[in-house]
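Notes follow the structure.
In my numbering, the protein residues as written are 8 to 149.
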């Protein structure tokens with residue numbers, strides 16, 4: 008019986024450069040127009056409740072971080088490259104704070120057919136988003 012090891016690849020220079028940055032900031036650096044959703048009361052309530060939960064378990068934290076949801080767009084001639092960062096939601100609309108995902112789409116206008124959508128990432132983690140975004144850089148002229 009042989010043990011199969013996962014394939015390990017060295018991270019690219021692009022990934023090494025942009026992994027420490029928040030995704031909205033990285034998108035702004037590449038010319039995207041980014042619209043971040045402001046923090047709401049429910050976000051602050053969650054942070055306080057989670058901080059209290061950690062303290063009750065003996066874990067001392069100064070701050071609890073919550074990511075902002077965002078949408079971003081890069082407009083090309085007849086094509087839009089769109090990115091989103093969002094939480095999964097319960098059926099009642101509540102955010103599930105442990106499940107933050109990124110999406111990356113290409114919307115193209117095709118004469119006589121209308122708008123077509125190509126999905127690069129749908130509900131991906133940051134690493135997957137950055138890998139696919141790097142593949143899309145030729146579209147941006149970068």
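For glycine and all other residues, C-beta sits at the position ideal for the given N, C-alpha and C.
- If you compare the alpha carbons of 10, 14, 25, 11 with that of residue 138, the shortest gap goes to 25.
- Within 10 angstroms of the beta-carbon of residue 14 lie fewer than 16 other beta-carbons, which makes it exposed.
- A straight-line Cα-Cα distance of about 47 Å links residue 53 and residue 118.
- Between the segment 32-47 and the segment 62-70, the count of Cβ pairs shorter than 8 Å is below three; the stretches do not touch.
- Rounded to whole angstroms, the separation of the alpha carbons of residue 55 and residue 48 is 11 Å.
- In the displayed model, residue 42 falls within a strand according to three-state DSSP.
- Taken in chain order, the unbroken stretches of alpha helix (DSSP H) that lie wholly in the segment 33-84 and span 4 residues or more are 48-63.
- If you ignore the 5 residues before and after residue 94, its C-beta comes within less than 7 Å of the C-beta of 76, 102, 103, 104, 106, 107, all in its own chain and listed in chain order.
- Ranked by how close their Cα comes to the Cα of residue 33, the residues 79, 70, 19 have 79 in first place.
- When DSSP states are grouped into helix, strand and coil, residue 141 belongs to the helix group.
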